[in-house]
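**Student:** In UniProt numbering, the protein residues as written are 1 to 268.
Ideal Cβ positions, reconstructed from N, Cα and C, are used throughout, including at glycine.
This structure is a prediction, so every number in the text was calculated from the model and none was measured.
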Amino acid sequence: MEKYELGKQIGHGNYGTVHLVTHVAERRPYVVKRIPVHKMKEQSEALREAQLLSRLRHPNIIAYKESFLCDDNKTLCIVTAFAEDGDLFTHISRAKAARRYFPERQVLDWVAQIALALDHIHGMRVMHRDLKTQNIFLGRGGVIKLGDFGISRVLERTDDFATTVTGTPYYLSPEVCTNQPYTLKSDVWAFGCVAYEIATLRHAFAADSLLSLVYQIVNGTCPPIPKERYDVRFAKIVARTLERDHRRRPDIATVLQSELMQEHLRRM
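Dropping the structure here:
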């Protein structure tokens with residue numbers, strides 16, 4: 001960590017902590033995620049998984065800087081670019097507090113960019129596994145930056161992984177809720193939940209308890225996106241991504257090939 005000046009803590013969880021840091025030589029801000037690793041096998045496997053993130057370079061993905069072990073090899077540090085304009089969760093929360101929906105063009109801009117980022121990592125057979133508005137950031141000029149993908153793969157290499165799932169899992173897919181394997185289509189479900197949240201300022205599925213939420217995800221339905229507010233084709237895209245049967249759910253490349261997405265991508 002001698003290359004970085006440690007700044008304020010900007011996040012924490014059972015996985016560890018997140019700090020804003022400044023690169024001493026570059027004088028540029030970065031973000032470092034510090035994950036405890038204890039055993040030699042954990043150290044080598046977690047470091048290898050973290051270094052795989054360096055392959056995922058795309059304009060809509062948070063840039064990976066480097067990863068290394070510190071604190072006598074007991075902590076894995078993953079350094080990434082700093083997104084100046086915060087996360088999507090914060091922007092949605094502000095809009096909800098102001099009772100102000102995002103314009104359709106803004107919604108489509110964000111959703112299309114998230115889809116492009118997801119398509120890139122899926123093309124490399126990498127699953128995000130934790131897609132949610134808190135993990136989608138906004139960089140300079142309001143450009144979407146997908147972050148924290150692959151971190152769960154890193155955490156799987158540690159004994160603490162069983163305790164890393166915290167909070168209410170609004171974005172879990174029906175198949176995961178019923179103990180089926182997580183697949184690329186599970187990422188697409190989470191994408192649909194995020195798109196719905198951007199448009200409506202509320203979760204697609206919500207309940208007062210975890211058990212009730214899981215029941216809603218597996219058996220319930222979410223209110224439709226208002227047709228008077230957004231293009232009906234957008235509502236149909238979101239509905240298809242929230243198809244309960246993952247075999248009938250489109251992959252993200254198919255979403256991008258839809259008429260509405262193609263029209264919007266040409267205008268971006």
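Taking Cβ to Cβ, would you say ARG28 is nearer than 9 Å to THR17?
**Tutor:** no
**Student:** For ARG55, count the other beta carbons within 10 Å of its own beta carbon; 16 or more makes it buried, fewer makes it exposed. Which is it?
**Tutor:** exposed
**Student:** Express the C-alpha separation of HIS264 and ASP109 in angstroms, rounding to a whole number.
**Tutor:** 8 Å
**Student:** Mapping DSSP to helix, strand and coil, what is GLN9?
**Tutor:** Reduced to three states, the DSSP call for GLN9 is strand.
**Student:** If we ignore side chains and look at the alpha-carbon of each, how far apart do ARG266 and ALA115 end up?
**Tutor:** Taking the straight line from one Cα to the other gives about 15 Å.
**Student:** From the DSSP output, in three-state form, read off LEU131 for me.
**Tutor:** Coil.
**Student:** Using 8 Å as the cut-off, can you tell me whether the region 118 to 133 makes contact with the region 213 to 222, which would need three or more C-beta pairs spanning the two stretches below that distance?
**Tutor:** Flag = no, the region 118 to 133 and the region 213 to 222 do not touch.
**Student:** For the alpha helix (DSSP H) containing PHE205, list its first residue and its last residue.
**Tutor:** Neither: PHE205 is in no alpha helix (DSSP H) and is coded neither H nor E.
**Student:** Pick helix, strand or coil for ARG34, following the three-state DSSP scheme.
**Tutor:** strand
**Student:** Is it right to say ASN60 is buried, meaning 16 or more other beta carbons lie within 10 angstroms of its own, or is it exposed?
**Tutor:** buried
**Student:** Using 9 Å as the threshold, is the C-beta distance between LYS3 and ILE62 below it?
**Tutor:** no
**Student:** Would you report the Cα separation of GLN262 and LEU256, rounded to the nearest angstrom?
**Tutor:** 7 Å
**Student:** Mapping DSSP to helix, strand and coil, what is GLY16?
**Tutor:** strand
**Student:** What are the residues that DSSP puts in a beta bridge with PRO29?
**Tutor:** THR22
**Student:** Could you tell me the distance, in whole angstroms, from the CA atom of ARG105 to the CA atom of VAL111?
**Tutor:** 10 Å
**Student:** Since I believe LEU201 is in contact with LYS96 (beta carbons under 8 Å), could you give me their beta-carbon distance rounded to a whole number of angstroms?
**Tutor:** Confirmed, about 4 Å.
**Student:** Is it the case that the region 117 to 128 contacts the region 182 to 201, given that we only count it when at least three CB pairs across the two stretches are under 8 Å?
**Tutor:** yes
**Student:** Between which two residues does the beta strand (DSSP E) carrying VAL212 extend?
**Tutor:** Inspection of the sequence shows that residue 212 is occupied by Ser rather than by Val. Element bounds for SER212: not the beta strand (DSSP E) but the alpha helix (DSSP H), 210 to 219.
**Student:** In the structure shown, what three-state DSSP assignment does ASP85 receive?
**Tutor:** coil
**Student:** Do you know how far the Cα of GLY123 is from the Cα of PHE205?
**Tutor:** Spanning the two alpha carbons is a distance of roughly 28 Å.
**Student:** Between the Cα of SER186 and the Cα atoms of GLY142, THR241, PRO223, which residue gives the shortest distance?
**Tutor:** Residue THR241 is the option with its Cα nearest to SER186.
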